[in-house]
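The structure appears right after this line, and notes come after that.
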Amino acid sequence: MLELTPRQIVEELDKYIVGQKEAKRAIAVAIRNRWRRQRVEGEMHDEIGPKNMMMIGPTGVGKTEIARRLAALTGAPFIKVDATKYTEVGYYGRDVESMARELVENAVGIVRTEEREKNEEKAKEAAEKRILHLLVEKFEHEGREKDFLPEEPKIEAEKPEETAEKAPETPNIPGFDFLLPPGLKQNISKEDFEKMAEGALDIMAGSGFDRAELKEALKGFIDNSFSGAATSDSKVGDAASDSLQSQKETADAGKKTESSQAFATNDKQSKKTKLLDRVQELLKAGELEDELIPVTERRRSMPVVMGGIGPDSMADDIQKMFENMTSKRGGRREMKVSEARGIIQEQESERLLDDDKINERAIKLAENLGIIFIDEIDKIVGSEGGHGADVSRQGVQRDLLPIVEGTTISTKYGLFSTEHVLFIAAGAFHRVKPSDLTPELQGRFPIRVELSDLKKEDFARILTEPKSALTKQYIALMKTENVELVFTDDAIDAIAEYAAQTNLTTQNIGARRLCTIMELLLEDLNFDAAEMESGHVEINAEYVRSKIDAVANDEDLSKFVL
16 MLELTPRQIV EELDKYIVGQ KEAKRAIAVA IRNRWRRQRV EGEMHDEIGP
66 KNMMMIGPTG VGKTEIARRL AALTGAPFIK VDATKYTEVG YYGRDVESMA
116 RELVENAVGI VRTEEREKNE EKAKEAAEKR ILHLLVEKFE HEGREKDFLP
166 EEPKIEAEKP EETAEKAPET PNIPGFDFLL PPGLKQNISK EDFEKMAEGA
216 LDIMAGSGFD RAELKEALKG FIDNSFSGAA TSDSKVGDAA SDSLQSQKET
266 ADAGKKTESS QAFATNDKQS KKTKLLDRVQ ELLKAGELED ELIPVTERRR
316 SMPVVMGGIG PDSMADDIQK MFENMTSKRG GRREMKVSEA RGIIQEQESE
366 RLLDDDKINE RAIKLAENLG IIFIDEIDKI VGSEGGHGAD VSRQGVQRDL
416 LPIVEGTTIS TKYGLFSTEH VLFIAAGAFH RVKPSDLTPE LQGRFPIRVE
466 LSDLKKEDFA RILTEPKSAL TKQYIALMKT ENVELVFTDD AIDAIAEYAA
516 QTNLTTQNIG ARRLCTIMEL LLEDLNFDAA EMESGHVEIN AEYVRSKIDA
566 VANDEDLSKF VL
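In the working numbering, the protein residues as written are 16 to 577.
Structure below.
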């Protein structure tokens, strides 16, 4: 609720409503008392009740307008209901408890809006992140990721440097198997074979082989050939060594494979990161607004209107059942990023909301700051006979008593108490008096404010002073047709005079009479303005009389036209 003083509230109402100072002051004090109660501590906080009021006055003097402006001014849960739409429990129509449920609905809407505003930045970030991943998945699926990644430079293998001088080639050492044929080994000793091999060694050294290398190789050949059992053990050792070497090579190969796979994975992740960064950069720059992305959109079917089936709670339950059956139908379709951003942000904002906390806050807000404006309360006053429709009217008054006094009502958001809800009733009371209401209901509205009839001076002010005055509305409408419309002061006085005179001679409908007169006055201009290239139209007293005088002076005609 806005923390406005009573004087500030009256000043705000003066911008839209002319006169009725007493009503404005009473409303301002009642609203300020709501603010004061919130700052009272201890047991007294619960003991202070709202000061319900009743506004009495003819139609068209500002009762409903005060309610409209009050709703925008307070920022608190506020609903305006018409007493004529309610019936006694058991009759066809709505029961009075539904007004309390409507107030809670209004409070839930206020709290949800506040939470959405708090989470707006988080919802935007989540929406942008979701759009980013949708774009990346699309580019990868279409094989377009290369369009967003820089080309990798080609690396040429290094060529070995050529040496200036080549090392001298050494001939390979030949084998010595030709010196020991299979049949000779069993008939010759090791020492005799060594003496025989010395001669062959001299011959091979003379052929260009290195003598030291030949001697070393020959010694190894003789040892292997004449070792006997040692040769067998050597073979076993060589086999074991070969097995160990094979295991080592297998392990090295596994490590190389794992390293290769890890490198491939890291390389893939690196490319994914680069693609995300690049697409995010383009998205922020606004270069991907025309790209199409898939969006799942929940489509609501036409609501099933339930009426006249019993208590409102039952109707709400059945209504909710049909909504749940039809509202979950979703459609997946592709749309541009610029169009999808709002839908995705709305979905992300919904995910951030905690319905339980919202419902709890909304009920407390409605209980402590809620305002219910009951219009046309005089229409539920029955005649003395008390038959027919009058029975239901009397029943509505009885049903209103516990609501206004304070009771607990079950809603789909939880239990709701009306004990501290402010009720403002209004009625014209043309044919009945406030005292015709049941005494119990009269006692629930201890403050009464009477609104006065409008006079010629009030009509003149209504035409010019409010921010949304009728003359200002017509000037704005004609400006769209490049027509400058001007009302002179004497024209304003003439219109106000006709309005006051007609209200005296016919039914008094208050300021609504001005709407009828203005439409009749500007009928020709409204019809021809579209064909006027541009122009300046001045409305003066003479023009007003030429259009209104004939109708206003004919009493029978004015009853139907004005």
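Every residue gets a Cβ at the ideal spot worked out from N, C-alpha and C, and that includes glycine.
1) For the beta strand (DSSP E) that contains Ser425, what are its first and last residues?
2) Apply the 10 Å Cβ neighbour rule to Gln522 and answer buried if 16 or more other Cβ atoms are within range, or exposed otherwise.
3) State the Cα-Cα distance for the pair Asp468 and Gly357, rounded to the nearest angstrom.
4) Between which two residues does the beta strand (DSSP E) harbouring Gly442 extend?
5) Lys448 lies in the alpha helix (DSSP H); which residues open and close that run?
6) Output needed for Val55: all residues of its chain with C-beta closer than 8 angstroms, excluding positions within five of it in sequence on either side, in chain order.
7) Which class does Ile237 belong to by DSSP, given the choice of helix, strand or coil?
8) Quick one: grab the DSSP three-state call for Val352.
9) In the DSSP assignment, find the beta strand (DSSP E) that holds Ile71 and state where it starts and stops.
10) Use the C-beta contact count for Gln488: other C-beta atoms within 10 angstroms, 16 or more gives buried, fewer gives exposed.
11) Just the C-alpha distance for Pro11 and Arg52, rounded to the nearest angstrom, thanks.
12) Whose C-beta lies closer than 7 angstroms to the C-beta of Leu384 among residues of the same chain, with five residues either side of it excluded?
13) Judging by CA-CA distance, which residue of Ser240, Glu231, Gln23, Leu229 is the nearest neighbour of Ser204?
14) From what residue to what residue does the alpha helix (DSSP H) around Arg54 run?
15) Could you check what DSSP says for Asp390 in three-state terms: helix, strand or coil?
16) Is it right to say Arg408 is buried, meaning 16 or more other beta carbons lie within 10 angstroms of its own, or is it exposed?
17) Would you call the CB atoms of Glu465 and Ile24 closer than 8 angstroms?
18) I'd like the list of long-range same chain contacts for Arg14, defined as Cβ closer than 8 angstroms, with 5 residues on each side in sequence excluded.
19) According to DSSP, simplified to helix, strand and coil, what is Glu27?
20) How big is the Cα-Cα spacing for Leu85 and Leu28?
21) Closer than 7 angstroms by C-beta to Val119: which residues in its own chain qualify, once you throw out the five before and the five after it? Chain order, please.
22) Along the beta strand (DSSP E) that carries Glu465, what are the first and last residues, could you check?
23) Kindly confirm or deny that the segment 139-147 and the segment 439-451 touch, where touching means at least three C-beta pairs closer than 8 angstroms.
24) Would you call the segment 410-420 in contact with the segment 118-132, where contact means no fewer than 3 C-beta pairs closer than 8 angstroms?
25) Would you call the CB atoms of Leu536 and Lys562 closer than 8 angstroms?
26) If you pair each beta-carbon of the segment 498-511 with each one of the segment 541-553, do three or more pairs fall below 8 angstroms?
27) With H, G and I counted as helix, E and B as strand and the rest as coil, what does DSSP make of Pro21?
28) So, under 8 angstroms CB-CB, Ile386 and Leu437 are touching, yes? Tell me the CB distance rounded to an integer number of Å.
29) Grouping DSSP H, G and I as helix and E and B as strand, with all else coil, what is Ile203?
30) Apart from the five residues just before and just after Gln457, which ones in its own chain have a Cβ nearer than 8 angstroms to its Cβ?
31) Give me the Cα-Cα distance between Glu363 and Lys287, rounded to the nearest whole angstrom.
32) For Thr79, which of Arg127, Glu534, Ile392 has the nearest alpha-carbon?
33) For Thr423, is the classification buried or exposed, using 16 other Cβ atoms within 10 angstroms of its Cβ as the cut-off for buried?
34) Which residues in the same chain as Phe444 place their Cβ atom closer than 7 angstroms to its Cβ, once the five residues preceding and following it in sequence are excluded?
35) Given Glu130, which residues of its chain have a CB within under 7 angstroms of its CB, disregarding the five upstream and five downstream residues?
36) I want to see whether chain B comes within less than 8 angstroms of Phe444, judged by CB atoms only; does it?
The answer reads as follows:
1) For Ser425, the enclosing beta strand (DSSP E) has its first and last residue at 423-426.
2) So Gln522 ends up on the exposed side.
3) Roughly 50 angstroms between the two C-alpha positions.
4) In this chain, the beta strand (DSSP E) harbouring Gly442 covers 437-442.
5) Premise fails: Lys448 is in no alpha helix (DSSP H) and is neither H nor E.
6) Within the same chain, Ile63 come within 8 angstroms of Val55 by CB-CB distance, once the 5 residues on both sides are set aside.
7) DSSP, reduced to helix, strand and coil, places Ile237 within a helical segment of the structure shown.
8) In the three-state scheme derived from DSSP, where H, G and I count as helix and E and B as strand, Val352 is classed as helix.
9) Segment 68-71, the beta strand (DSSP E) holding Ile71.
10) Answer is exposed; the Cβ neighbour count stays below 16.
11) Past the boundaries of the shown model lies residue 11; the chain is included only from 16 to 577, so the question cannot be answered.
12) The beta carbon of Leu384 sits closer than 7 angstroms to those of Met16, Arg49, Ala91, Pro92, all from its chain and outside the five residues before and after it, given in chain order.
13) Closest option to Ser204, Cα to Cα, is Ser240.
14) Looking at the DSSP string, Arg54 is not in any alpha helix (DSSP H), and its letter there is neither H nor E.
15) Reduced to three states, the DSSP call for Asp390 is strand.
16) Under this definition Arg408 is a buried residue.
17) The answer is no: Cβ separation not under 8 angstroms.
18) The shown model of the chain, from 16 to 577, leaves out residue 14, and the question about it has no answer.
19) In the structure shown, Glu27 sits in a helix (DSSP, three-state: H, G or I).
20) Taking the straight line joining both Cα atoms gives about 8 angstroms.
21) So the qualifying residues of the chain are Ala377, Ile378, Ala381, Thr426, Tyr428, Phe431.
22) Residues 462-465.
23) No, they do not touch.
24) Counting C-beta pairs with one atom in each stretch, the segment 410-420 and the segment 118-132 have fewer than three that are closer than 8 angstroms, which means they do not touch.
25) In this structure, Leu536 places its C-beta atom within 8 angstroms of the C-beta atom of Lys562.
26) Taking 8 angstroms as the limit for Cβ pairs, the verdict is that the segment 541-553 does touch the segment 498-511.
27) Looking at Pro21 - three-state DSSP - the assignment turns out to be helix.
28) Ile386 to Leu437, Cβ: 5 angstroms. Contact.
29) If DSSP states are grouped into helix, strand and coil, Ile203 belongs with coil.
30) Excluding positions up to five away in sequence, the list reads Pro449, Ser450.
31) Roughly 25 angstroms between the two C-alpha positions.
32) Of the candidates Arg127, Glu534, Ile392, Ile392 places its Cα closest to the Cα of Thr79.
33) Exposed.
34) The answer, listed in chain order, is Ile71, Asp393.
35) Result list for Glu130: Leu368, Ile373, in chain order.
36) Judged by its chain identifiers, the structure shown contains no chain B, having just a single protein chain.
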